[in-house]
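Note that the protein sequences, when read in sequence, are chains A and B.
Under numbering that gives the first Met the number 0, the first sequence has 98 at position 99, and the numbering climbs by one with no breaks.
Under numbering that gives the first Met the number 0, the second sequence has 146 at position 147, and the numbering climbs by one with no breaks.
Heads up, the thing below is written out as structure tokens.
There are 2 protein chains.
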Amino acid sequence: MSPRKAESDLPAQAFRQHDHGECARSLMSAAHDLCTERGLRLTPVREKVLELLLKSHAPLGAYAILSELADSGFRAQPPVAYRALDFLVENGFVHRIEKINAFVACNQPRDGHSPVFMICSDCQQVAETSAKTQSPTLDRTARKIGFDIQHTVVEAQGLCAQCRERGPQ
Amino acid sequence: MSPRKAESDLPAQAFRQHDHGECARSLMSAAHDLCTERGLRLTPVREKVLELLLKSHAPLGAYAILSELADSGFRAQPPVAYRALDFLVENGFVHRIEKINAFVACNQPRDGHSPVFMICSDCQQVAETSAKTQSPTLDRTARKIGFDIQHTVVEAQGLCAQCRERGPQ
DNA sequence: GATCAAATGTTATGATATAACATATTAATA
DNA sequence: TATTAATATGTTATATCATAACATTTGATC
């Protein structure tokens, strides 16, 4: 029962106080390990995009990423960002948040999972939770009607505890 | 236990054989009734957009709607469609499917509900299911972390039973 | 070091959505 | 019923998000 293990099992990391430097470093290091294991190439632009997303638990739009890439000396045409994001999403290092057309780093890149997101309308942080299993409701309904689920989108928008306590800004 | 009642309780109407003419007519009539009850104005363009969406259970993008509006003699600038859609979505007559940036008519406009969608990647039909309650998984997780949910997006993409049986096209 | 596959560079354009402001219609009420 | 306020529509312009297509470079393998 290492501290690392316990921490990574907690849902909603984004809404908890934590050492984010350590959080980001360990996810980046996990990405390197996974790419090595799987023969994937974490090229400079892909690594940079992941690094940008790991700066915080707030999601970034593709064009925000693009502009930060430009600041770091990368080429800045849209396909540059979208290709890197495609790679990161396909390989489970990043998730796309459909509701806001934006991207966040995955909290648990090792698990195959169907993530659930809580998007705070106030602070814009996005917490990834319940990363373990498919929604039972979805599963049950799908089975009932013979629908074969390939991908799920489960997102809730609302107010996180902190923002609720702080009251309207 | 009227037939109407039983029918409206079935999930995934879109993936079941049914008299769609009757289905559409009854939803349109429900929209008129609800607007009267609530003092809302189902203006010609709003009614036309709802009518277009009620033609089938396949979702339509805003620009597809716009072009059909134009065919019917309505003005065809984007805001025309988006405003009508805003009205219909706000008042629960239409849902937006985030995953595909498109809109479908609501199957149960009378209930306040958190809909769940099954999007068939093959035939493009969208079934609305489990319209009764919030996802318990989402609720439980939200409560655990003190997150106050205002809106949920629950969508599954995959293959409906018909398309699965028919095999790859 | 030739060859193939994967990744990147680049131009152009497609698709989705809204801001902003003018005008017209409707509803409420003086 | 004339006035007014609120709602809805008309219109121009532009913002935002995303990909097609093709050229070039890089890396891996034989």
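Beta carbons: idealized from backbone N, C-alpha and C, even for Gly.
Check, Outcome
"According to DSSP, residues forming a beta bridge with B:ALA69", "Answer is none; B:ALA69 lacks a bridge partner."
"CB contact below 7 Å: B:ILE144 versus chain A", "yes"
"Assigned exposure category for B:ARG40 - 16 Cβ within 10 Å defines buried", "exposed"
"Identified DSSP bridge partners for A:GLN156", "A:ILE118 and B:HIS150"
"Three-pair Cβ contact test at 8 Å for the region 91-110 of chain B versus the region 54-67 of chain B", "yes"
"Delimiting residues of the beta strand (DSSP E) encompassing B:THR42", "Note, B:THR42: premise wrong, no beta strand (DSSP E); not H, not E."
"Under 7 Å by beta carbon: chain A residues contacting B:ASP147", "GLY157, LEU158 and ARG163"
"Proximity test, Cβ basis, 7 Å: B:ALA83 and chain A", "no"
"Paired residues, beta bridge with B:THR128 - DSSP", "B:VAL115"
"Amino acids of chain B, ordered along the chain, whose beta-carbon sits closer than 7 Å to that of A:LYS47", "Neighbours of A:LYS47 on chain B: none; closest Cβ ~28 Å, over 7 Å."
"Host beta strand (DSSP E) of A:ALA101 (start-end)", "101-104"
"Length of the line joining the Cα atoms of B:ALA23 and B:LEU53", "5 Å"
"Between the CA atoms of A:PRO77 and A:ASP70 - distance to the nearest angstrom", "14 Å"
"For B:HIS17, three-class secondary structure by DSSP", "coil"
"Continuous alpha helix (DSSP H) stretch holding A:ARG82: start and end", "77-89"
"Nearest residue (CA-CA) to B:MET117, options B:LEU51, B:ALA141, B:GLY111 and B:THR128", "B:THR128"
"Where the region 105-119 of chain B meets chain A: residues whose CB sits under 7 Å from a CB there", "VAL115 and MET117"
"Backbone CA spacing between A:VAL152 and A:SER113 [nearest angstrom]", "8 Å"
"Delimiting residues of the beta strand (DSSP E) encompassing A:ARG95", "93-96"
"Distance CB(B:ASP147)-CB(A:LEU158) smaller than 7 Å", "yes"
"Local conformation of B:SER1 per DSSP, three classes", "Unreliable positioning characterises B:SER1 in this predicted model, as indicated by a pLDDT of 39, which lies under 50. The coordinate reading is nonetheless provided below. Coil, per DSSP."
"Within chain B, partners of A:THR128 - CB distance below 8 Å", "THR140 and ILE144"
"Residue range of the alpha helix (DSSP H) that includes B:LEU137", "135-144"
"Strand pairing of A:LEU59, partner residues [DSSP]", "A:PHE102"
"7 Å Cβ cutoff met for A:LYS105 and A:PHE92", "This sequence places Cys at residue 105 of chain A; Lys is not what is there. A contact, by the Cβ cut-off of 7 Å."
"Residue nearest to B:ALA220 in terms of C-alpha spacing, selected from B:VAL48, B:GLN107, B:PRO108 and B:GLU89", "With chain B represented from 0 up to 168, any question about residue 220 of chain B goes unanswered, as that position is not in the structure."
"Interface residues of chain A facing B:ALA243 [CB-CB closer than 9 Å]", "Nothing in the structure corresponds to residue 243 of chain B, since chain B is present only between 0 and 168."
"Option in A:GLN156, A:ILE144, A:ARG165 and A:GLU154 with minimal Cα separation from B:ALA11", "A:ILE144"
"Euclidean distance between Cα positions of A:SER66 and B:GLY38", "47 Å"
"Where A:LEU9 falls, given that 16 or more other Cβ within 10 Å makes a residue buried", "Caution is warranted here: a pLDDT of 48 is assigned to A:LEU9, below 50, making its placement in the model unreliable, and the coordinate value is therefore given only provisionally. The residue in question, A:LEU9, is exposed, as its Cβ has fewer than 16 Cβ neighbours within 10 Å."
"Cβ-based burial, B:ARG95 [other Cβ within 10 Å; buried from 16]", "buried"
"Outcome for A:GLN156 when other beta-carbon atoms lying within 10 angstroms are tallied against a minimum of 16", "buried"
"Sequence-distant residues of its chain with Cβ nearer than 6 Å to B:ARG45 (five each side left out)", "ALA83 and PHE86"
"Nonlocal neighbours in the same chain, by C-beta distance under 8 Å from A:VAL115, ignoring five residues either side", "GLU127, THR128, SER129, ALA130, SER134, VAL153, GLU154 and ALA155"
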